[in-house]
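Read through the structure below, which is laid out as structure tokens, and then see the notes.
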Amino acid sequence: MKLDSIDKKLLELLQTDTKKTTKELSLKLNLSVTAVYERIKKLEREQVIQKYVALLDKSKIEKNFVVFCHVKLIQHNIDLIAQFEKEVVKLDEVLECFHVSGDYDYILKIYVKDMEAYREFMVTKLTTIQHIGSTHSTFMIGEVKNTTVFRLQGN
């Protein structure tokens, strides 16, 4: 699907605040409410918009201890990779998992309450997954940028 400039502006507005009404969006885009509604439905049908979510304040739900855990498997074959991935997606503390190139095979982004909770997670959950050769943990000191908004204008 080819996005025109209005689609791009609409997507930026929706990424910033999905609770805006079609009327509010129509005023910003200088379109009719119906036109905005139809564009949104088309973007949803085409899976450009995959879902709508609420972003939570990590500190208010006691999940503001962020860890980037690099994982290396003992060997690389399709069965071990599939098994690891099947197990890691079950871990609630892991919000993101990336299969990467380089010295490690995966990078996990983990959210827990504190260091004690992370230790508990490592001992009782992550390290119980078979075929992990090694892990390396890096702890977030401060958050410089965290956004979910893709800038689309001018692209």
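With UniProt numbering, letter number 139 in the sequence shown gets 139, and the count goes up by one each step, no holes.
Cβ coordinates follow ideal geometry from the N, Cα and C atoms, glycine included.
As the structure is a computational prediction, the values presented were derived from the model and not from experiment.
Since residue i contacts residue j with CB under 8 Å, what's their CB separation in whole angstroms?
i	j	result
Asp105	Val71	6 Å
Ile6	Leu29	6 Å
Val33	Lys23	5 Å
Lys113	Lys63	7 Å
Phe121	Glu87	Wrong, their Cβ atoms sit about 13 Å apart, outside the cutoff.
Leu56	Leu91	That pair is no contact at about 18 Å.
Met1	Glu46	5 Å
Gln15	Phe150	7 Å
Leu10	Val36	7 Å
Lys19	Leu13	The Cβ separation is near 11 Å, so there is no contact.
Using a Cβ-Cβ cutoff of less than 6 Å, which residues in the same chain neighbour residue i once the five nearest sequence positions on both sides are dropped?
i	result
Glu96	Lys109
How big is the Cα-Cα spacing for residue i and residue j?
i	j	result
Thr148	Val123	31 Å
Arg84	His131	For clarity, residue 84 is Phe in the given sequence; the question names Arg instead. Approximately 8 Å between the Cα atoms of the pair.
Ser101	Val89	19 Å
Lys58	Lys145	14 Å
Leu152	Leu73	37 Å
Asn77	Glu38	46 Å
Val53	Thr128	31 Å
Asp17	Ala117	33 Å
Report yes if the C-beta of residue i is less than 7 Å from at least one heavy atom of the ligand ATP; otherwise report no.
i	result
Gly102	Judged by which ligands are present, the structure shown has none, so any question about the ligand ATP falls away.
Here's a check: name, in chain order, each residue in its chain whose Cβ is nearer than 8 Å to the Cβ of residue i, leaving out the five neighbours to either side.
i	result
His99	Ile81, Glu85, Asp105 and Tyr106
Quick one: what's got a C-beta closer than 7 Å to residue i's C-beta in the same chain, skipping five residues either side?
i	result
Ser134	Lys72
Are there three or more Cβ pairs, one per stretch, closer than 8 Å when the region 126 to 142 is compared with the region 50 to 69?
yes
Ignoring anything shorter than 4 residues or poking outside the UniProt domain "HTH asnC-type" (3 to 66), list the alpha helix (DSSP H) runs there in chain order.
5 to 16, 22 to 29 and 33 to 45
May I have a chain-ordered list of the beta strand (DSSP E) segments no shorter than 3 residues that lie completely inside the region 110 to 152?
132 to 139
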